[in-house]
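Enquirer: Offset between the sequence shown (1-based) and the working numbering: plus 51.
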Amino acid sequence: MFRNLVSVRKLIAGTLAFSLGCGVPPGPGMEEETGPATESTQGLGATERALASDRAYQWLKVQQDLTNGSALSGLVDSFDDWWNATERKQIVYTYDQAVAAIAFMAKGDRVRAEKVLDKLVAIQDPDGSWINSYWWNGYGEEIRKHVGPVAWVTMAFMTHEKLYGSTTYRTPARKALEWMLTFKKPNGAISGGRTTWDIQGVWTDEVWSSTEHNEDVYNLYRYYAGKFSDRTTAYNDAAQGVKQFLDNVMWNNTTQRFYGGWKNNTGLLDTNVPLDVNPWGVLALGLSGTRDYKASLASVDNARGVGTVADPRYVHSLPYENTTITAYDFDWQYDCARATDQNGNYNGDRCADIWFEGSAFMSVAHYMNGNTTKADSIIDEIIKKQGTSGSLLGGVPYSLKGTSNNYWRMAQENCVSSTGWLILAIHRFNPFTGSVVNGGGGNPTDTQAPSAPSSLKVSSTTSSSVALSWTASTDNVGVASYDIYRGSTLVGSSSATTFTVSGLSASTTYSFSIKARDAAGNTSAASNTVSATTSASGTGGDHTTADYTASVTRTSSTQARISFKPTISALYVDVHYTLNGGGQQNFRMALANGTWTQDVAGLSTGSRREYWFTYEKSGPQYDSPHYTYTH
């Protein structure tokens, strides 16, 4: 079922990989175009911004409730838009669902976030992907599978795991990562994905690699390299290739900002520069590293030209009611040229506009760069257009004027992407790392490395894994994560002070050390080194936590018993496991004498089983870490 949406964005050309969802004086570095506002106001305070966040959250909840009872119940309607006075446009964009889930988590609403994520798991294609958008009745409006939206869903899975310590979404995350990896190119980039638009009804590969979706995937592969021991090398290689592509192909040393992308079919750069590739580059890669990524923010703020690729202009101050809104446009255009869609049909004019979602990107990036004043001023400008009554209460439109941006005609209706990103900006949350931003009001040129982790020790061992724990590092801004080394080989990373190294050989001695990293990429000296010897094959070892002791015992050449003994009596314990990377099995364990057990048959020497538990404890339900057993 296809409909020609005038107000909904349509990708029509170029290298843009994602399908996006939907008073104060000008902030620092923002130049007036239309003269001073007719009504001057002071900047908002923390209480007013918190209220704006709460209202945005209420709007997202209403949009989610609209899908109740539909085939896509749990997802969030992307726009507050209508075909006519009585018929709502029933569409959910995949990218928007990830933004909504992360915004719900930023607001502490795990239940609504999981409603989104659980439905996304349910509709994930067998190949690991999602199409770019869906109608409520189950048909896809945009039959394309782009890496960008798939990466954003995976980003939401990662955020959930980091915030709640749950591995519930590991399996769909892995499927998505594997699908995206099939598009890896010789220059290190991950290309755009697949489409049916080039040849009607036939799936073909997109011919471009955009900067933004490569920024999307970078931290995902780094994070999950430490979670899937059998894919550590492949995922670390993918992250390294993406980083080299962004640093050496996409970075423009002259303008100190990123290009838009690379065209694999022609071997040429896409010189267009959508605004988002710059703040997303900062959020994904840090303030500095191989390149001075934060310089791209200054490049955007200082681009006040006539509105061409060579002479761009991103910051605009446009009339709104009895004041002005000063914020950022999607791209460089300012000449009000006529725009057409991919079929040559008129699609609005390319004029100066305010892109509210992208403006929120800039707020988070400026806060990360230590400029709290500018970050807040951008938020205050967005809030000027936030709905204040009725069904519009709390919502933020996609754009102010609804102009074309060289890719699609931007909607003016309230939408999930702008509203969700307002929440992220107010809460200083960085979805690329799945954590609150460190650095607001801090040193914008952070060069101080964290202290070395200390007191590294071995918590437990099995025949194929070693569990480690250590004392946290300190940093002048904040520690972002820890890198775990087996000898000199990086085997994973963790945002916590614990990590289990899996995929090891039985009866073998290994040495381990840890290094801390901050958001700017500064790396500490190594911790103390510890050695551990894995147990003989056929024993699962004990895993003891404050909640339980779990183990696996070899009972015959073809069978093993998984045991789980809770500290506090549990109403139920479920065990989940995979054999040699195969499909997941789920069982309600049997209780006898205070210990829950499950016998596993069909094993052979060398069989590798990954297993984990879901258990009740005084009412709430919890998920355990993943463990491994080699028969």
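Just so you know, even glycine gets a beta-carbon here, dropped at the ideal spot from N, CA and C. Owing to the predicted nature of the structure, the values given are computational and were not obtained by experimental measurement.
Ignore the nearest five residues each way along the sequence and tell me which others in threonine 522's own chain have a CB closer than 6 Å to its CB.
Expert: Hits under 6 Å: Ser505 and Ser506.
Enquirer: Within its chain, find whatever has a CB closer than 8 Å to the CB of asparagine 579; leave out the 5 residues flanking it on each side and keep chain order.
Expert: Hits under 8 Å: Ser505, Ser506, Leu507 and Ser564.
Enquirer: Which of the three DSSP states, helix, strand or coil, is assigned to threonine 595?
Expert: Residue state, collapsed to three classes: strand.
Enquirer: Which one of Leu444, Asn420, Gly409 and Ser440 has the shortest CA to CA distance from isoleucine 430?
Expert: Closest by alpha carbon: Gly409.
Enquirer: Where does the unbroken beta strand (DSSP E) through isoleucine 250 begin, and where does it stop?
Expert: 244-250 is the span of the beta strand (DSSP E), which, as asked, contains isoleucine 250.
Enquirer: By Cβ distance below 6 Å, which residues in the same chain neighbour glutamate 661 in space, the five residues on each side in sequence not counted?
Expert: Same-chain partners within the cutoff: Thr629, His677 and Thr679.
Enquirer: Measuring straight from C-alpha to C-alpha, what distance separates phenylalanine 691 and serine 469?
Expert: For the chain, the structure presents residues 52 to 682; residue 691 sits outside this window and is missing.
Enquirer: In three-state terms, what does DSSP make of lysine 112?
Expert: Lysine 112 falls in the helix class under three-state DSSP.
Enquirer: Taking the continuous beta strand (DSSP E) assigned at valine 651, which residues delimit it?
Expert: Per DSSP, valine 651 belongs to the beta strand (DSSP E) from 646-651.
Enquirer: Look at alanine 557 and threonine 584 and say whether their C-beta atoms are less than 7 Å apart.
Expert: For alanine 557 and threonine 584, no; Cβs fall outside 7 Å.
Enquirer: Please report the straight-line C-alpha distance between serine 280 and tryptophan 186, rounded to a whole angstrom.
Expert: Rounded to the nearest angstrom, the two C-alpha atoms are 37 Å apart.
Enquirer: Going by CA-CA distance only, name the one from Val293, His197 and Arg161 that's closest to threonine 341.
Expert: Considering only alpha carbons, the answer is Val293.
Enquirer: For the structure I just gave you, are there three or more beta carbon pairs, one from the segment 358-374 and one from the segment 414-429, closer than 8 Å?
Expert: Short answer: they don't touch.
Enquirer: By the three-class DSSP mapping on this structure, what secondary structure does phenylalanine 480 have?
Expert: DSSP places phenylalanine 480 in strand when its eight states are reduced to three.
Enquirer: Use the C-beta contact count for arginine 401: other C-beta atoms within 10 angstroms, 16 or more gives buried, fewer gives exposed.
Expert: Buried, since its Cβ has 16 or more Cβ neighbours within 10 Å.
Enquirer: What is the residue span of the alpha helix (DSSP H) that histidine 211 lies within?
Expert: Histidine 211 -> alpha helix (DSSP H) spans 198-215.
Enquirer: With a Cβ-Cβ cutoff of 7 Å, do leucine 473 and alanine 107 count as a contact?
Expert: Cβ atoms of leucine 473 and alanine 107: closer than 7 Å.
Enquirer: Helix, strand or coil, according to DSSP, for glycine 399 in the structure here?
Expert: Correct three-state label for glycine 399: strand.
Enquirer: For the pair the segment 140-151 and the segment 454-463, tell me if three or more CB-CB distances fall below 8 Å.
Expert: Too few Cβ pairs lie closer than 8 Å, so no.
Enquirer: Quick one: what does DSSP say proline 617 is sitting in, helix, strand or coil?
Expert: Three-state result, proline 617: strand.
Enquirer: Where do the N-terminal and C-terminal ends of the alpha helix (DSSP H) with isoleucine 174 fall, by residue?
Expert: Counting along the chain, the alpha helix (DSSP H) containing isoleucine 174 begins and ends at 161-174.
Enquirer: Using the C-alpha atoms, what's the distance from asparagine 631 back to glycine 554?
Expert: Distance between the alpha carbons of glycine 554 and asparagine 631: 11 Å.
Enquirer: Is asparagine 299 helix, strand or coil by DSSP?
Expert: Three-state DSSP puts asparagine 299 in a helix.
Enquirer: In the DSSP assignment, the alpha helix (DSSP H) including phenylalanine 412 goes from what residue to what residue?
Expert: Element bounds for phenylalanine 412: 407-419.
Enquirer: Just grab the DSSP bridge partners of serine 607 for me.
Expert: DSSP lists Gln610 as partners of serine 607.
Enquirer: Which residue from Arg639, Gly645 and Ser524 puts its Cα closest to that of valine 651?
Expert: The shortest Cα separation from valine 651 among Arg639, Gly645 and Ser524 belongs to Arg639.
Enquirer: Under DSSP, the alpha helix (DSSP H) around serine 428 begins and ends at which residues?
Expert: Unbroken alpha helix (DSSP H) run through serine 428: 423-434.
Enquirer: Threonine 219 by DSSP, collapsed to three states: which one?
Expert: Residue state, collapsed to three classes: coil.
Enquirer: Do the CB positions of glycine 543 and serine 562 come within less than 7 Å of each other?
Expert: No, these two residues do not count as a Cβ contact at 7 Å.
Enquirer: Here's the rule I'm using: 16 or more other beta-carbon atoms within 10 Å means buried, otherwise exposed. How should isoleucine 433 be labelled?
Expert: Label assigned to isoleucine 433: buried.
Enquirer: Cα separation between asparagine 489 and leucine 214?
Expert: Those two C-alpha atoms are separated by around 16 Å.
Enquirer: Within 10 angstroms of its Cβ, does arginine 389 collect 16 or more other Cβ (buried), or is it exposed?
Expert: Flag for arginine 389 reads exposed.
Enquirer: Could you tell me how far apart the beta carbons of valine 360 and threonine 322 are, in whole angstroms, since I believe they sit closer than 8 Å?
Expert: Contact holds; Cβ gap of about 5 Å.
Enquirer: Helix, strand or coil for aspartate 569 per DSSP?
Expert: Strand, per DSSP.
Enquirer: Using only the alpha-carbon positions, how far apart do aspartate 256 and alanine 601 sit?
Expert: C-alpha separation (whole angstroms): 46 Å.
Enquirer: Could you tell me how far apart the beta carbons of glutamine 685 and glycine 441 are, in whole angstroms, since I believe they sit closer than 8 Å?
Expert: With the chain running from 52 to 682 in the structure shown, residue 685 is simply not present.
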